[in-house]
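See structure below.
Next up, the structure:
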């Protein structure tokens, strides 16, 4: 039996994060984890769900702290804690499932911030991941002063002005000039629903000097890098750059649009992921 409508669950990690996640697909299937970007949530991937091989996978959509239904904690955010929380959740899901498929290495599909967490997790625990789908890939820019100041400025703005100005900014920066207004509004609505403090803490985590790229050569699973042809945040050159760092087989697929490939080119994104699923 395949569940097409996501259901909600919560799990408290060892760090105290009450992580909200959704479940859909085959309850007996191999775990496929989706990790959203800054200002997103598990809902980011909902348009993609019907395009995934749900008969093969139990799809778990994770909400990072301060996004979706996961509340903000009193602890500082960090990429390391996101990775630790993800590991706790995966361990919980595998231990609590009676089906053998759930104990297999997981597949992770990430967008932007989610790709950073996916890459760090896989570099740390390469044996636990069977494949990566990375949309609008990110990497550390904490050593680049202009990028660092930009992220810290966004954090300050979220706290002083609220989330609305950041929602308006995302509607501009995530898309090339002539993208339709309706998909811009989708992103604006998503960001506007974010907790301002959670948004600020995430920006600070990305700008932190502790956020450094891991040894991505340890990643031996197949990885597909999906990049919008006019992505101003993570251009195709970055996808090609990071693709060259992983140790396993990888492929770069360029799709239409900017930093939101699921909204700008759903069919192209789904087709690009087929390369990954054929190798798992």
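In the numbering used here, the protein residues as written are 741 to 1020. Glycine is no exception: its CB is placed at the ideal position from the N, C-alpha and C atoms.
- When the Cα atoms are used, residue 829 and residue 792 turn out to be separated by approximately 22 Å.
- By the 16-neighbour rule on beta-carbons within 10 angstroms, residue 835 is exposed.
- The continuous alpha helix (DSSP H) containing residue 923 extends over residues 921-932.
- The alpha-carbon separation between residue 804 and residue 918 amounts to approximately 31 Å.
- Put simply, the region 967-981 does not touch the region 889-907. Fewer than three CB pairs are less than 8 Å apart.
- Contact check for residue 879 against residue 982 passes: the beta carbons are separated by less than 9 Å.
- Between the region 863-876 and the region 999-1011, the count of Cβ pairs shorter than 8 Å is three or higher; the stretches touch.
- Taken through DSSP and simplified to helix, strand or coil, residue 944 comes out as helix.
- Minimum Cα-Cα distance from residue 991 among the listed residues 765, 1008, 940 and 963 corresponds to 963.
- For residue 772, no alpha helix (DSSP H) segment is defined; the enclosing uninterrupted segment is the beta strand (DSSP E) at 770-775.
- In the three-state DSSP reduction, residue 915 falls in the coil class, being neither helix nor strand.
- Scanning the region 819-880 for uninterrupted beta strand (DSSP E) segments of 3 residues or longer gives 846-851 and 869-875, listed from N- to C-terminal end.
- Within the same chain, Cβ atoms closer than 6 Å to the Cβ of residue 810 are found at 759, 760 and 803, the five residues on either side in sequence being excluded.
- Straight-line measurement puts the Cα of residue 1019 at about 19 Å from the Cα of residue 865.
- With fewer than 16 other Cβ atoms from the protein chains shown falling within 10 Å of its own Cβ, residue 883 counts as exposed.
- Counting along the chain, the unbroken beta strand (DSSP E) around residue 994 starts and ends at 990-995.
- The shortest C-alpha to C-alpha distance from residue 748 to any of 800, 1010 and 1004 is the one to 800.
- Closest by C-alpha distance to residue 938, out of 817, 785 and 951, is 817.
- For residue 1002, no beta strand (DSSP E) segment is defined; the enclosing uninterrupted segment is the alpha helix (DSSP H) at 1001-1004.
- Under DSSP, the beta-bridge partners assigned to residue 966 are 875 and 993.
- Within its own chain, the residues whose Cβ lies closer than 7 Å to the Cβ of residue 863, once the five positions on either side in sequence are excluded, are 954, 955, 956, 958 and 959, listed in chain order.
- DSSP, read as helix, strand or coil, puts residue 936 in helix.
- Between the alpha carbons of residue 763 and residue 771 lies a distance of about 10 Å.
- If the five residues before and after residue 934 are omitted, its C-beta is found closer than 7 Å to the C-beta atoms of 779, 806, 807 and 903, all from its own chain and listed in chain order.
- A Cβ-Cβ separation of about 7 Å places residue 853 in contact with residue 942 under the 8 Å criterion.
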